[in-house]
Amino acid sequence: MTTAKELLRHEMMPHILCPGCGHGIVMNAMLRVLAKRHDNLDQVALVAGIGCSSRIVGYVDANTLHTTHGRALTFATGLKLARPELEVIVVTGDGDGLGIGGNHLIHAARRNVDLTCLLFNNETYGMTGGQLAPTTVKQAFTTTSPRGNTEPNFDAAALAKAAGASFVARGQAYRPDVLEEVMERALDHRGFSFVEVMTDCTEYFGRKNALGQGSDLLFTQSRSDQDVSRDLADWPTLRTPQGWQVRETQPLGVLHENERPTFEESLGLPGYSKREV
Amino acid sequence: MAPRVPKQGNVVVAGVGGQGVVLAGNIIADICLSHGLDVKKAEVHGMSQRGGSVSAQVRFGPEVHNVVVEQGSLQYVLGFEWAEALRWMPFLAPDGIVFASSERIVPPAAQRNRVGGDVSYPLEFLEHPGLRAVDAESLAKEAGNPKTAGVVLLGALSTELGFPVESWRDALARWVPKKALDANLRAFELGRAWKQAAPPKDLRPQRTLPAQFSLKLEEAWCKGCGICVDVCPERIWHLDDLEVARAATPERCTGCRLCEKLCPDFAIDVVQLQEIDLLTLTGGGA
Chain X
619 MTTAKELLRH EMMPHILCPG CGHGIVMNAM LRVLAKRHDN LDQVALVAGI GCSSRIVGYV
679 DANTLHTTHG RALTFATGLK LARPELEVIV VTGDGDGLGI GGNHLIHAAR RNVDLTCLLF
739 NNETYGMTGG QLAPTTVKQA FTTTSPRGNT EPNFDAAALA KAAGASFVAR GQAYRPDVLE
799 EVMERALDHR GFSFVEVMTD CTEYFGRKNA LGQGSDLLFT QSRSDQDVSR DLADWPTLRT
859 PQGWQVRETQ PLGVLHENER PTFEESLGLP GYSKREV
Chain S
166 MAPRVPKQGN VVVAGVGGQG VVLAGNIIAD ICLSHGLDVK KAEVHGMSQR GGSVSAQVRF
226 GPEVHNVVVE QGSLQYVLGF EWAEALRWMP FLAPDGIVFA SSERIVPPAA QRNRVGGDVS
286 YPLEFLEHPG LRAVDAESLA KEAGNPKTAG VVLLGALSTE LGFPVESWRD ALARWVPKKA
346 LDANLRAFEL GRAWKQAAPP KDLRPQRTLP AQFSLKLEEA WCKGCGICVD VCPERIWHLD
406 DLEVARAATP ERCTGCRLCE KLCPDFAIDV VQLQEIDLLT LTGGGA
């Protein structure tokens, strides 16, 4: 059986991600799922935009497409229409997919293109220096919110569901087994599959919010509110009495699934059924 | 020639719960009292029950103020169990003597290192000049009751500790159950007759379980985030000086693969070596 490691471009490793970055764990889970399904990735296309998460496609020995910021889904839609036999996976981040590319996300979901979209949500713009992202939770500190974020954040999964995605799920870097299962079901699903994965930015989100680095930050994904807010004691005046809105409070697993005609089917595209072979 | 009654001294009896450590301490204290010596005795027991560490300290002399033996002044150790005897080595005086039973009782906690681990017994004090390794288990069986292993060691101690042999026999008669007295007296004689002849019986584990998993590390890919160190339930990984993960005790790997799955850098591979039926190996099956 193929192992996850055999699907890497070994000449590119080690990758650029920071020590303890959650993206690496999600990539690890993704490759394990792909290794279970394929001997090689010749029939798999990974499409990515710009950002830390999007960089990971460069390390995978598949058909990979590194595109412009926020436009991964548009490139992927075109690719899927031209080569319907490919299994197309879009790897995007929260800034890429919800900030710059938010419009493309909702329309890809509306059209129900047969893609799998993995959105790595690390709650910040990691690559550009830790700025406030549309997914940054309230009161969180970033380089552009030095007094704590005052804006409400996007619930990416709810957004995708409302926009019409026929499969919506959420996973966590902290729970790789759940993540693998969710990804497998997303790949099996026919239609637009949206998987939001909560990951960590150790260098910016973890450091700015005193959540620690490496395993400490990873373990905050399982902590209760109280445990995490204790770590924020350095900013007592900025902390609410309720503490910290933790990522754990968000539901995990498959959140929504239905069957409806995909974009390709509506177009009557020839060759679409090839994927089934 | 009658042995000279010692003026003062101390003895520590060390063993595990259920071996009669406290009883042996009482017998020694009783002998000292019958010779008009002042005795203080301290015991560590309680939560040990069967298998846990138990010790009894006996100090005697014309007048004893403190119950606890000072480090470096311990004269005699009676080790009812090999590793328990070893615990008292730091307390031993330079000319101190250890009578250690070569019996091994692996505590339940250590038996959890089941897979691939060898429950290794400390052998370093075999070199100690004061060590007298006694195969008390076999001698006690010869005496007719395996429970008398402690009395075998008391018999061996009686050759060094200069009380008249009658005092030992009287004390035994006062303390051990009547129905077991004959076996105990036989064991005592066997202990007295014991000579350092044969080397202690093989203390190595009888069977080493083969390792089930091998841990492979891609050193150049490791960035030293320490996630593997913190997630491993068996605490196998640690970071070295260069902040590179190292498997300190790879034989303890149970194959949960948490380190492999949570490594962001693909640096760890957990490779299954062979399928092992644990039940047949540990003798737990039919």
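Protein chains in written order, with our numbering: chain X, 619 to 895; chain S, 166 to 451.
Backbone N, C-alpha and C fix where the C-beta goes; we use that ideal spot for every residue, glycine too.
{"Asked": "Give every residue of the same chain whose Cβ lies closer than 6 Å to the Cβ of residue 224 (chain S), excluding the five residues on either side of it in the sequence, and list them in chain order.", "Found": "175, 205"}
{"Asked": "State the Cα-Cα distance for the pair residue 321 (chain S) and residue 358 (chain S), rounded to the nearest angstrom.", "Found": "8 Å"}
{"Asked": "Does any CB atom of chain S fall closer than 8 Å to the CB of residue 671 (chain X)?", "Found": "no"}
{"Asked": "Once the 5 residues before and after residue 228 (chain S) are set aside, which same chain residues still bring their CB inside 8 Å of it?", "Found": "203"}
{"Asked": "Shortest alpha-carbon distance to residue 774 (chain X) belongs to which of X:627, X:754, X:629?", "Found": "X:754"}
{"Asked": "Measuring only between beta-carbons, confirm whether residue 406 (chain S) sits less than 8 Å from chain X.", "Found": "no"}
{"Asked": "Would DSSP call residue 363 (chain S) helix, strand or coil?", "Found": "Low local confidence applies: a pLDDT of 44 at residue 363 (chain S) is under 50, so the model's placement there is unreliable, with the coordinate-based value given in what follows. Of the three classes helix, strand and coil, the one that applies to residue 363 (chain S) here is coil, per DSSP."}
{"Asked": "Output needed for residue 365 (chain S): all residues of its chain with C-beta closer than 6 Å, excluding positions within five of it in sequence on either side, in chain order.", "Found": "Confidence at residue 365 (chain S) is low in this model, with a pLDDT of 47, below 50, so its placement is unreliable and the value that follows should be read with caution. Closer than 6 Å at the Cβ level, and outside the excluded window around residue 365 (chain S), lie 267, 298."}
{"Asked": "On the three-state DSSP scale, how would you describe residue 819 (chain X)?", "Found": "coil"}
{"Asked": "With distances taken from CA atoms, which of S:263, S:257, S:436, S:234 is nearest residue 378 (chain S)?", "Found": "S:436"}
{"Asked": "In three-state DSSP terms, what is residue 384 (chain S)?", "Found": "helix"}
{"Asked": "Leaving out the 5 sequence neighbours to the left and right, which residues in its chain are closer than 6 Å to residue 627 (chain X) when beta-carbon positions are compared?", "Found": "677, 679"}
{"Asked": "Helix or strand or just coil, what does DSSP make of residue 218 (chain S)?", "Found": "strand"}
{"Asked": "Among X:815, X:635, X:793, X:877, which has the Cα closest to the Cα of residue 806 (chain X)?", "Found": "X:877"}
{"Asked": "Does the segment 785-799 of chain X come into contact with the segment 821-839 of chain X, if we say contact requires no fewer than three beta-carbon pairs (one atom in each stretch) closer than 8 Å?", "Found": "yes"}
{"Asked": "Thinking C-alpha only, which one of S:424, S:233, S:400 is nearest residue 383 (chain S)?", "Found": "S:424"}
{"Asked": "Look at the alpha carbon of residue 735 (chain X) and the alpha carbon of residue 825 (chain X), and state the distance between them as a whole number of angstroms.", "Found": "28 Å"}
{"Asked": "Closest Cβ-Cβ distance between residue 428 (chain S) and chain X: below 8 Å?", "Found": "yes"}
{"Asked": "Is residue 388 (chain S) close to chain X, meaning its C-beta is less than 8 Å from at least one C-beta of that chain?", "Found": "yes"}
{"Asked": "Taking the alpha-carbon positions, what's the residue 820 (chain X) to residue 730 (chain X) distance?", "Found": "34 Å"}
{"Asked": "Chain X beta carbons: is any one of them nearer than 8 Å to that of residue 378 (chain S)?", "Found": "no"}
{"Asked": "Would you list, in chain order, the members of the segment 638-661 of chain X that have their beta-carbon closer than 9 Å to a beta-carbon of chain S?", "Found": "638, 639, 640, 641, 642, 643, 644, 645, 646, 647, 649, 650"}
{"Asked": "Taking the beta carbon of residue 801 (chain X) as the centre, do at least 16 other beta carbons fall within 10 Å, making it buried, or is it exposed?", "Found": "buried"}
{"Asked": "Residue range of the alpha helix (DSSP H) that residue 708 (chain X) falls in?", "Found": "From DSSP, residue 708 (chain X) is part of no alpha helix (DSSP H) but of the beta strand (DSSP E) over 705-711."}
{"Asked": "Given a threshold of 16 other Cβ atoms within 10 Å of its Cβ, counted over all protein chains shown, does residue 713 (chain X) qualify as buried or as exposed?", "Found": "buried"}
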